[in-house]
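Reading through the structure tokens given below for one structure.
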Amino acid sequence: MFYCLGVSLLQVNEEKKYREITYDYTMKAAKMLTKVNKKIADTLNFFSKLSIRKLLNYFKLLAGYCVSILSGKVIFQALPAVLSIEPTTKCNLKCPECPGGLQQFTRKTGNMDFKFYKSIIDQSYKDLIYLMLYFQGEPFLHPDFFEMVKYAHKRKIYTTTSTNAHFLDKENAKKVVESGLDRIIISIDGTTQESYEKYRIGGKLEKVVDGTKNLINARNKFGSNKPYIIYQFVVFKSNEYEINALNKLAKEIGVDDVKIKTAQFYNLHWSNELIPTRRKFLRYKKEDGNYYLKGKLPNKCWRSWHSSVITIDGKIVPCCFDKDAKHELGDLKTDSMKKIVKGKSIKEFKNSILKNRKKFDICRNCIEGIRVFR
Ligand code: SF4
366 MFYCLGVSLL QVNEEKKYRE ITYDYTMKAA KMLTKVNKKI ADTLNFFSKL
416 SIRKLLNYFK LLAGYCVSIL SGKVIFQALP AVLSIEPTTK CNLKCPECPG
466 GLQQFTRKTG NMDFKFYKSI IDQSYKDLIY LMLYFQGEPF LHPDFFEMVK
516 YAHKRKIYTT TSTNAHFLDK ENAKKVVESG LDRIIISIDG TTQESYEKYR
566 IGGKLEKVVD GTKNLINARN KFGSNKPYII YQFVVFKSNE YEINALNKLA
616 KEIGVDDVKI KTAQFYNLHW SNELIPTRRK FLRYKKEDGN YYLKGKLPNK
666 CWRSWHSSVI TIDGKIVPCC FDKDAKHELG DLKTDSMKKI VKGKSIKEFK
716 NSILKNRKKF DICRNCIEGI RVFR
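Offset between the sequence shown (1-based) and the working numbering: plus 365.
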């Protein structure tokens, strides 16, 4: 009898173990499927916002780029397919390699006027494929941020933003989902408060994690796939051994994607304590005690060709590396987008890149053509 009881208990245990294993695998498969589904949903959402006109403009940009590279000079141009619009230059944090947060640039601190923003969208939306509502500053500090997203959403533009996630309380998380935002990049540069605040000075990791959870809860409540949530992790010496912990955290919370990015440094001196020790997480190489960008700097730049960055006061600059707007290519307060795109300044800038990209300070410390995501 005892023998029979023992055998049955063993069988029950085996069955329990089997059920647990099956449950684990099912959960893993379900999570993977959800992740794949979210990616597919995001891609479909992106394509649903395209139009024949947008595609034609894009191919015009591409053709102009190829012909110009072959001929060595700008032949023809088109309207930008991608815009980065700066809602604000204000920021709640003081990250050491960010001239915006440290207010180290000469530009004023303030917000973009909402009416002015609408006028930019009105003259661009028919050709615009992708809108990034960020440049310098924390976008959520703009009082009309959600209205800005809604306006772009109404105009069928795929809209994305990047945030330090310190303002994603339950109310704002709900507003994000309601606004129709398509994608959100959340900066999380550490998995412990100690490593996180080494770079995100003044920041609280707990707020980032809670904010992400609020956003996922709001998304689930609305039964929406949007926004697609990405954790962006910039690698510094303080966090270079936390990649596995980050992936684990992102998985636990239910973040859709994780991007590991190498950092851009302005202070490239060996004494800079933020520079990672592992070479694969550094976009620079060390030679004769100095740091240089890895890879060659080709005399071409697709990024500044197909996209433009607009500052809070309407200045058009070539790309996000021009944080202080030193290379102004036009002013939307005085001219239309069409006029600026066909204007002399943009043409001259592009011609100079085709001849010698190294001529520009920003282009010498730029990742265009170099792999930065690991
Ligand atoms: S810094 Fe220069 S090369 Fe780099 S994206 Fe901007 S314009 Fe292009």
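For every residue, glycine included, the Cβ atom is placed at its ideal position computed from N, Cα and C.
Counting pairs of Cβ atoms below 8 Å between the segment 592-604 and the segment 636-651, do you hit three or more? Contact between the segment 592-604 and the segment 636-651 is present: 3 or more CB-CB pairs across the two stretches fall below 8 Å.
Quick check on H634: buried or exposed, where buried means 16 or more other Cβ atoms within 10 Å of its Cβ? exposed
Have a look at R584 and N410 and give me their C-alpha separation to the nearest angstrom. Roughly 15 Å separates the two Cα atoms.
Can you confirm whether the segment 518-527 touches the segment 489-508 when touching is taken to mean that 3 or more C-beta pairs between the two stretches lie within less than 8 Å? yes
What does the shell around ligand 1 hold, if a residue joins when its beta-carbon is under 5 Å from any heavy atom? C666, R668, S669, P683, C684, F686, I727, C728, C731 and E733
Own chain, CB closer than 8 Å to H671, minus 5 neighbours either side, in chain order: So the list reads Y423, L426, L427, Y430, P445, A446 and V447, once near-sequence residues are dropped.
Output the distance between the C-alpha atoms of N632 and I727, rounded to the nearest integer angstrom. 14 Å
Is it the case that the segment 564-571 contacts the segment 606-626, given that we only count it when at least three CB pairs across the two stretches are under 8 Å? no
What would DSSP say about I417, mapped onto helix, strand or coil? helix
Using a Cβ distance threshold of 8 Å, determine whether the segment 717-731 contacts the segment 437-444, with at least three qualifying pairs required. yes
Cβ-based neighbour list, I485, same chain, cut-off 8 Å, excluding 5 preceding and 5 following: L448, I450, I675, G679, L697 and M702
Does the Cβ-Cβ distance between D554 and H518 come in under 9 Å? no
Rank E512, Q488 and I494 by C-alpha distance to the C-alpha of F479 and give the top, closest one. E512
Report buried or exposed for P683, applying the criterion of at least 16 other Cβ atoms within 10 angstroms of its Cβ. buried
Range covered by the alpha helix (DSSP H) that runs through K715: K709 to N721
Taking C-beta to C-beta, are L496 and V541 nearer than 9 Å? no
Which ranges does the alpha helix (DSSP H) cover as unbroken runs of at least 4 residues, wholly within the segment 464-493, from first to last along the chain? 479-489
What does the alpha-carbon distance come out to for the pair V514 and E652? For the pair V514 and E652, the Cα-to-Cα distance works out to about 45 Å.
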